[in-house]
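*Asks:*
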Amino acid sequence: MVHGPLPDLPGDTVAFSIRPVDGVFYQLFSESAQHLVRGSGLLAEMFAEGTDRAAKAKEMREAESDADGTTRAIIQRVNKTFVTPFDREDIHALAYGLDDAMDEMEEACDLINLYDVASYPSEFAKQVELIQRCAELTAAAMPRLQSLDLEEYWLEIGRLEKAGDKSFRRIISKLFSGNYDALEVLKLKDVVEKLEGAINAFETVAKRVEQIAVKES
Amino acid sequence: MVHGPLPDLPGDTVAFSIRPVDGVFYQLFSESAQHLVRGSGLLAEMFAEGTDRAAKAKEMREAESDADGTTRAIIQRVNKTFVTPFDREDIHALAYGLDDAMDEMEEACDLINLYDVASYPSEFAKQVELIQRCAELTAAAMPRLQSLDLEEYWLEIGRLEKAGDKSFRRIISKLFSGNYDALEVLKLKDVVEKLEGAINAFETVAKRVEQIAVKES
Amino acid sequence: MVHGPLPDLPGDTVAFSIRPVDGVFYQLFSESAQHLVRGSGLLAEMFAEGTDRAAKAKEMREAESDADGTTRAIIQRVNKTFVTPFDREDIHALAYGLDDAMDEMEEACDLINLYDVASYPSEFAKQVELIQRCAELTAAAMPRLQSLDLEEYWLEIGRLEKAGDKSFRRIISKLFSGNYDALEVLKLKDVVEKLEGAINAFETVAKRVEQIAVKES
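Residue numbers (this note's numbering), protein chains in the order written: chain A, 1 to 217; chain B, 1001 to 1217; chain C, 2001 to 2217.
This is the structure:
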């Protein structure tokens, strides 16, 4: 199945592409990244004062289920399409990469709800801001997959991941500083590791985009 | 290689199947699920009073190794068979899904043996009952893969997973209630997370069966 | 693309091989295993007295990044080569298996740096010796992949893994003996689990080599 470029997506400089373009893939990847923006927003709300965490975690489970639907749609399409915009295995890897980012965020929300810690060190909210920024950058990048002019995107995600890693280390040091009892450390460490997992998942997505760009260029 | 349906398996309504049937696949999947029934039984015995946990854990390692053999047999067969009963990747995913469930149970047994907690909160045995029920349902479903009339199976696994999740949450809350010291929490949390992992692995198997059924219908 | 055997590698008894040989694969697998030798050395230095752990962990990150480069080179080559020395999926599995071993060691270094425990129980250094031995055996085995006369290699890795597992269990028992406070246990347990993960990753590599040997014989 061969489609022309979608008229409402930027970067459609496909005139000399060696591959016919099935624009639906770009649309589905964009949809997948939109779920991540929604998910990262819900994750941020988990830390807001007065949030009904159980209700919010339920909303997150629904968002994650919607994201699953998009992932499945990508996989089904790649299995049924003869000519794909890039290698089948790269489409798989990118789709599952986006899905993993959603899963990590959903698991973070789930733990936050389950542990119900009264108040988190302020650094936690900063990690979530980084995650939200990653989600927005990813959502902005997906519609431009066609042109693969995305170097600024993956470099910026790399910078955010580095910042997140530094902050993660500061949080761990703080947790083991003696100001928290062991049971609190257990809970807070689980949550911050999950947030770190989400940031790493976004970095994995960016690396896969970079690999596709290198391969296709 | 093309086989007719196995005479001793139910649901052999293949008259209008668009695929020739290699019945050996159904037999191997059934064998794989039988390992799960055996494994879940051994897991239950780990919690029984007076059990020689080291001996039982050794038995579980043997069961897991037998299950590996069946998984390998499925993978080798799919690699050597020209016409498979469903997509190669689905056979892979299902085989590895069953294998993961066994691994989770084996790791649970291993932790229970290693930590040697004198007595577990009663909720742990309830989780293991759910796991046994999942294993039995899976074993009953595998011989019926051919007809794919398995909706009741995956719905019931979904219900068990939900029940397991609720129970998991109650256990975690109990562990952090202040009645357990931090070292006990560390051990009990590791074990209950592994049990949760086993239940989730069964759910993943059921979801893969559902996906195959949707695709092939 | 068909290459003859590399002149500087041992075991080039390919005269009766049923597959044309692309010697570059053996070279790349050897390179990959050399990264593991380097990585296991850095890991050992993390435990040495007076080590600048932050500097050493940085060096390890660079080593891990170099190893990634080799993994990518293998994957790219397998994607572009028509005739491969063994099944594509086996090359993938072996390449990613070696990569996983490096990742586990890198994560161990990272944790050791992050937690900055003043002094580790002596058993930790013993685990790292096992890891170094695994890395050396793997590096000695890779250039001999062509002849697949590697039974002694995978049996010895199996023995090391068993020894590592026993030692791991002794360490866990020690950690929970009451001589360590819960926060120390948390840190030491994370590190020893990561070391155990590295040994298991080497065992997975050896099992994959065994599977290839069985399949190709």
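Here a beta-carbon is modelled for each residue, glycine too, at the ideal position from N, C-alpha and C.
Distance, Cα to Cα, C:Leu-2195 vs C:Ile-2131?
*Replies:* Cα-Cα distance, rounded: 8 Å.
*Asks:* Find out if the Cβ-Cβ distance for the pair A:Val-205, A:Glu-136 is shorter than 8 Å.
*Replies:* Result no, Cβ atoms of A:Val-205 and A:Glu-136 do not sit closer than 8 Å.
*Asks:* Since A:Thr-71 contacts A:Ala-95 with CB under 8 Å, what's their CB separation in whole angstroms?
*Replies:* Yes, A:Thr-71 and A:Ala-95 are in contact; Cβ-Cβ is about 5 Å, under 8 Å.
*Asks:* In chain A, which residues lie less than 7 Å from C:Leu-2114 when you measure between Cβ atoms?
*Replies:* Going along chain A in sequence order, the residues near C:Leu-2114 (Cβ under 7 Å) are Arg-169 and Ile-172.
*Asks:* Return yes when the Cβ of A:Met-142 is within less than 8 Å of the Cβ of A:Glu-106, no when it is not.
*Replies:* No; because the gap between Cβ atoms is not below 8 Å, this pair is not in contact.
*Asks:* On the criterion of 16 or more Cβ atoms from any shown chain inside 10 Å, does B:Asp-1090 qualify as buried, or is it exposed?
*Replies:* Its Cβ being crowded by 16 or more others within 10 Å, B:Asp-1090 is buried.
*Asks:* Using a Cβ-Cβ cutoff of 8 Å, what residues of the stretch 2178 to 2194 of chain C are near chain A? List them in chain order.
*Replies:* For the stretch 2178 to 2194 of chain C, which is checked against every Cβ of chain A, the residues closer than 8 Å are Asp-2181, Ala-2182, Leu-2183, Leu-2186 and Lys-2187.
*Asks:* Examine chain C for any beta-carbon lying closer than 8 Å to the beta-carbon of A:Phe-176, and answer yes or no.
*Replies:* Output row for A:Phe-176: interface = yes.
*Asks:* Runs of 4 residues minimum, wholly inside the stretch 109 to 184 of chain A: which ones carry the alpha helix (DSSP H) assignment?
*Replies:* The qualifying runs are 123 to 141 and 151 to 175.
*Asks:* I'd like to know if the stretch 2150 to 2162 of chain C and the stretch 2199 to 2217 of chain C are in contact, where contact means that at least 3 CB-CB pairs between them fall below 8 Å.
*Replies:* Yes: the two stretches touch, three or more of their Cβ pairs being nearer than 8 Å.
*Asks:* Please confirm whether C:Lys-2056 and C:Cys-2134 have their CB atoms less than 8 Å apart.
*Replies:* The answer is no: Cβ separation not under 8 Å.
*Asks:* Can we say the stretch 1072 to 1080 of chain B touches the stretch 1026 to 1036 of chain B, given the rule of at least three CB pairs closer than 8 Å?
*Replies:* Because the criterion of three Cβ pairs below 8 Å is met, the stretch 1072 to 1080 of chain B and the stretch 1026 to 1036 of chain B touch.
*Asks:* Please state whether the Cβ-Cβ distance between A:Lys-126 and A:Ser-167 is less than 8 Å.
*Replies:* Their beta carbons are under 8 Å apart, which means A:Lys-126 touches A:Ser-167 by this criterion.
*Asks:* Do we get a CB-CB distance below 8 Å when we pair C:Val-2037 with the residues of chain D?
*Replies:* In the displayed structure, chain D is absent; the protein chains listed are A, B and C.
*Asks:* Relative to the alpha-carbon of B:Arg-1208, which residue among B:Val-1185, B:Val-1128, B:Lys-1058 and B:Leu-1145 has its alpha-carbon at the smallest distance?
*Replies:* When only C-alpha atoms are compared, the closest one is B:Leu-1145.
*Asks:* Give the straight-line distance between the Cα atoms of C:Ser-2119 and C:Glu-2184, rounded to the nearest whole angstrom.
*Replies:* So the alpha carbons of these two residues sit roughly 11 Å apart.
*Asks:* Between the C-alpha atoms of B:Leu-1111 and B:Met-1046, what's the straight-line distance to the nearest angstrom?
*Replies:* Cα-Cα distance, rounded: 10 Å.
*Asks:* Should A:Glu-64 go down as buried or exposed, given a rule of 16 or more other Cβ atoms within 10 Å for buried?
*Replies:* Its Cβ being crowded by 16 or more others within 10 Å, A:Glu-64 is buried.
*Asks:* Sort C:Pro-2085, C:Asp-2116, C:Asp-2068 and C:Lys-2080 by Cα distance to C:Gly-2097 and report the nearest one.
*Replies:* Here the closest residue by C-alpha is C:Asp-2068.
*Asks:* Rounded to whole angstroms, what is the Cα-Cα separation between B:Ile-1066 and C:Glu-2151?
*Replies:* Before going on, a small fix: residue 1066 of chain B reads as Asp here, not Ile. B:Asp-1066 and C:Glu-2151: Cα-Cα distance of roughly 21 Å.
*Asks:* Going by the beta-carbon positions, is the gap between A:Ile-170 and C:Leu-2114 smaller than 8 Å?
*Replies:* Here the sequence assigns Arg to residue 170 of chain A, which means Ile is not the residue at that position. Not a contact, by the Cβ cut-off of 8 Å.
*Asks:* Can you give the Cα-Cα distance for B:Val-1191 and C:Glu-2104, rounded to whole angstroms?
*Replies:* The alpha-carbon atoms of B:Val-1191 and C:Glu-2104 are separated by roughly 22 Å.
*Asks:* Just how far apart, CA to CA, sit C:Gly-2023 and B:Phe-1086?
*Replies:* About 36 Å.
*Asks:* Between which residues of its own chain and A:Glu-210 is the CB-CB distance below 6 Å, once the five residues before and five after are set aside?
*Replies:* Contacts found: Trp-154.
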